[in-house]
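Peer 1: Numbered according to full-length UniProt numbering, the sequence shown spans residues 1 to 281.
Note that CB positions come from ideal geometry on N, CA and C, so glycine has one too.
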Amino acid sequence: MPGNTLEKRLHNELRLFVIPLCGGVVYAAVKVMVYGFSDAVLFSGFLFGCILSAVLGIPFLLLGDRRCPESRLRHVLSGLIQSLMVSLSYRGPLWQTLLISFVGGVALGGLYTLALGAIEKIPASNQDRATRGWGAIVAIPLSGGLALGTVAVIATISQSSGLLSIVSMFFMLFLIGGLISMLVSWPMLWLVERFLTTRLRYLIGGVMSSFFVWLLSVAPVFLAKPQALLKGAELSPRGFWPGLIVYLVIGLVAGAVYTAIIGFLARRGRRNDSRGKPASN
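#1: For the region 175-201, list the alpha helix (DSSP H) runs that are entirely contained and at least 4 residues long, ordered along the chain.
#2: Roughly how many angstroms lie between the CA atoms of Leu265 and Ile140, to the nearest whole one?
#3: By Cβ distance below 8 Å, which residues in the same chain neighbour Leu52 in space, the five residues on each side in sequence not counted?
#4: Go through its chain and collect everything with a Cβ distance to Ile166's Cβ below 7 Å, but skip five positions before and after it.
#5: Within 10 Å of its beta-carbon, does Ala118 have 16 or more other beta-carbons around it, so buried, or fewer, so exposed?
#6: Would you mind giving the Cβ-Cβ distance between Trp190 and Glu13, rounded to the nearest angstrom? I have them listed as a contact below 8 Å.
#7: Closest to Ala32 by C-alpha separation, out of Ile19, Gly49, Phe17 and Gly206, would be which residue?
#8: Going by DSSP, what residue range makes up the alpha helix (DSSP H) through Glu70?
#9: Out of Arg9, Arg199 and Ser274, which has the shortest C-alpha to C-alpha gap to Ile122?
#10: Taking C-beta to C-beta, are Gly109 and Val55 nearer than 7 Å?
#11: Do you know how far the Cα of Tyr90 is from the Cα of Val106?
#12: Would you report the Cα separation of Leu99 and Phe37, rounded to the nearest angstrom?
#13: Going by DSSP in three states, Gly36 sits in which element: helix, strand or coil?
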């Protein structure tokens, strides 16, 4: 079971977080080298790389943890397989496709090795909850997806044209929320569990995650117009502060959902312990 694999290691949130992050960084860099630099190329490359590594890289990591945990070459193999999948969409000479695929795969595998090796060297703290299992880890993207999809549907349901459009929008935003949670809320969970002990720590983590995402969403405005920092709302995008409130509400809902899921897993674990059965929370 994946949960048994995770429970043998510390810092599982960080280990899973760096997989889509590394995929996004490497594929964005490769796409820029192939097509030239532009905001669209950089963003689309990073997004596609994150999605591909989330879909393929994370299962490869968990499988490698179970079958060959001491091998470093498994990360290079994972990178090469992912790069080969990417190369199927590239239209160019065969030799160039193979070269780009090989270089990108080795770079991705090397980055995996460096990042995961660095994470393994982080010392455990007294606050680390080393027994977090598969359920607690998966609940992060699940909570983020449910929160974003639910809030968006409630906010726009009066403008929707029918049930099909509502379901389609919820499903799309669920996937987006899940991906964002992998990139933001997994490391935030590590910080929260490491430094906070309050029962409200997951609500705090959800709000902090959504605030960070909001900062990233408005950063292009301030990077393009630095004077906006001095002139305030005059150069801010329309709905600037209401947008912040919406983000914080989504984060609060996500934190509440995660708190409920963790509570359920804890109760189930206690019941299993009383019956003498192992729990995979």
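Peer 2: Per the coordinate set shown:
#1: You should have 186-195.
#2: 13 Å
#3: Non-local beta-carbon contacts of Leu52 in its own chain, meaning distances under 8 Å to residues more than five positions away in sequence, involve Gly23, Tyr27, Gln82, Met85 and Val86 in chain order.
#4: Val153, Ile157 and Ser160
#5: Note on Ala118: under 16 other CB atoms within 10 angstroms of its CB, so exposed under the neighbour-count rule.
#6: With a Cβ gap of about 4 Å, Trp190 and Glu13 count as contacting.
#7: Ala is not the amino acid found at residue 32; the sequence shown has Val there. For the residues Ile19, Gly49, Phe17 and Gly206, the minimum Cα distance to Val32 belongs to Gly49.
#8: Per DSSP, Glu70 belongs to no alpha helix (DSSP H) and is neither H nor E.
#9: Arg9
#10: no
#11: 18 Å
#12: 20 Å
#13: When DSSP states are grouped into helix, strand and coil, Gly36 belongs to the coil group.
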